[in-house]
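Right, one structure below, let's go through it.
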Amino acid sequence: MTRRPAFAVALVAALSLGVAACSSDAETEPDAPDTPDTTETDAADQADADPVAITIGALSISETAPLWAAVDAGVFAEHGLDVTVQPIQGGAQAMPALVNGDVDFSVGQPFGALRASLQGLDVKIIANYASSYAEGDDINAVVAPAGSDIASPADLAGKRVAVNSLGAAGDLTISAAVEADGGDPSTIEFVEVAFPDAKAQLEAGNIDAAWVPEPFVSMIVGAGGSVVVYPYQAVLPGLPTLVIQATGSTVADDPELVAKVREAFAAAFAWAAENDDAVRQALVDNLNLPAEAAAGLPLPTFTTDLDRDLIQGLADLAVEHGYFDSAPDLAQVIAE
């Protein structure tokens, strides 16, 4: 299967130049469009009050663009929040950072919160952040390099497949997709590789395939690679890719702050939908992508509305494939 070949080939050179610095946390001062006028009394009161300083941990990937852009545009400030976005790599780094108080909130895979609950960690999902597409080109995929004989999920059996965090939604949904296609997922060797390093590891022959989000899907396909499967679509179409998380202590001790964060994210996504140019500019500024690459990059659905049924489906899938002994109680994981 080949994904958006014309788009990917046209952008691969530009992406290759920019993505090497994806993990950079250098700050820039882009010209952002004016934030929308606020007529709500509560928002006005928040803007007049001293802002609450919070740190939000987030991956250095394309899905973070609305957060970066909305912070720069002052959307969070309008809701009384002084936000610092802290780059994180994956679940192995994100969950300890949240639990230990290095960040106040984090944007991460819902699987991490489910696993944390079973481990007795004080983590809650407070809202959705981004969701994959139920059909069409998705925003994460298992990709194979040019010349690979891997053409279907079943072909991944017996291969070395990279994910950014072991024992999480990536390898779980890949395993389920391989099994559904008639392959034996127990023969897959999953290895942990940071998203920005996947292309180089594929080209070096150290791995046979990699699970990556954008912009890395387009970059690898543009270099001659191919999409093997969209694992979320294959097993749980529309699955949330990222959720907003806080500690249970924060939820219990400062419900007003949690409500303010939820409202700010909802406003940020609404603003981002009306300011796509600013969101694309955030990709340029924070991922060092050339403007022409950022302009055509696929992005997920951004919403704070959480689909509990899909989260339950993810938990049940983890039990089915031996990742969990039992499914966590969503009432203990999702904060109302």
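Count the sequence shown with mature numbering (1 follows the signal peptide of the UniProt record, and there is no 0) and you get residues -21 to -1, 1 to 315, in order. Yeah, the Cβ is synthetic: ideal placement off N, Cα and C, and Gly gets one too. The structure displayed is predicted, hence computed values, not measured ones.
Item to check | Nearest residue (CA-CA) to P45, options L285, D256, N267 and L309 | outcome: D256
Item to check | Supposed contact pair G53 and A28 - C-beta distance, whole angstroms, cut 8 Å | outcome: Contact flag wrong, Cβ pair sits at about 15 Å.
Next on the checklist: Please tell me whether V102 and A109 are closer than 8 Å, where the distance is taken between their beta carbons.
Outcome noted: no
Next on the checklist: Within the continuous beta strand (DSSP E) that includes E171, where are the two ends?
Outcome noted: E168 to E171
Checklist entry - What's the call for A251, buried or exposed, on a 16-neighbour Cβ count within 10 Å? => result buried
Checklist entry - alpha helix (DSSP H) containing residue 373: first to last residue? => result Because the chain here runs from -21 to 315, residue 373 falls outside it and cannot be looked at.
Checklist entry - Buried or exposed: R259, going by 16 or more other Cβ atoms within 10 Å of its Cβ? => result buried
Checklist entry - What distance in whole Å lies between the Cβ atoms of V86 and I223, which are believed to be in contact at a cut-off of 8 Å? => result 6 Å
Checklist entry - Sorted by chain position, which residues of the same chain lie with C-beta nearer than 6 Å to F281's C-beta, five sequence neighbours on each side aside? => result P45, A109 and F248
Checklist entry - Exposed or buried, what is D295 when buried is set at 16 or more other beta-carbons lying within 10 Å of its beta-carbon? => result exposed
Checklist entry - Is Q224 helix, strand or coil when you go by DSSP? => result strand
Checklist entry - How would you write the range of the alpha helix (DSSP H) that S197 sits in, first residue to last? => result F195 to G201
Next on the checklist: Looking at the strands, I want to know which residues DSSP matches up with N119.
Outcome noted: P192
Checklist entry - Below 8 Å between beta carbons: does that hold for A56 and T283? => result no
Next on the checklist: Tell me which residues share the same chain as P307 and place their Cβ nearer than 7 Å to its Cβ, disregarding the 5 neighbours each side in the sequence.
Outcome noted: L93, S96, L97 and A294
Item to check | N40 - DSSP class collapsed to helix/strand/coil | outcome: The sequence given here has Ile at residue 40, not Asn. Coil at I40, not helix or strand.
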